[in-house]
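Residue numbering for the sequence shown follows our numbering, starting at 126 and increasing by one per position. The next block holds one structure in the form of structure tokens; read it before the comments.
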Amino acid sequence: MATWAVAYDISDDKRRLRLHRLLRGFGEPVQKSLFVCQLDGRRKVRLEKLLRAEILDAGERLDLFLIGAAETQGPGAAPVALERVTFFIVE
């Protein structure tokens, strides 16, 4: 299990609301366009698949960040690297 953050900048109200509702099924909103989600591998893959299916307009962003592993790495272990998956339109 790991902690993920999903941040988005969607201009269309209907699509932004749809995405907000989708994300409520995976985590908790901490700001208007920022969710924190506790996800195991299977739920992370499912969320990523659903996020990839979202249609974004030019200039919109949808980011998925790994912000922490739920399991400890052990004494003296190196910190977990930040993983980032970004979805956006390039013209």
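Note that the Cβ used here is the ideal one computed from N, Cα and C, for glycine as well. Remember, predicted model here, so these are calculated numbers, not experimental data.
When rounded, the separation of the alpha-carbon atoms in GLU153 and CYS162 is 6 Å.
If you look at GLU153, you'll find it isn't in any alpha helix (DSSP H); it sits in the beta strand (DSSP E) that goes 152-156. Note that the C-beta distance between PHE151 and LEU164 is below 8 Å. For LEU147, the secondary structure class from DSSP, reduced to helix, strand or coil, is helix.
In this chain, the alpha helix (DSSP H) harbouring LEU176 covers 166-178. Restricting attention to MET126, LYS157 and THR128, the CA atom closest to the CA of ASP138 is found in LYS157.
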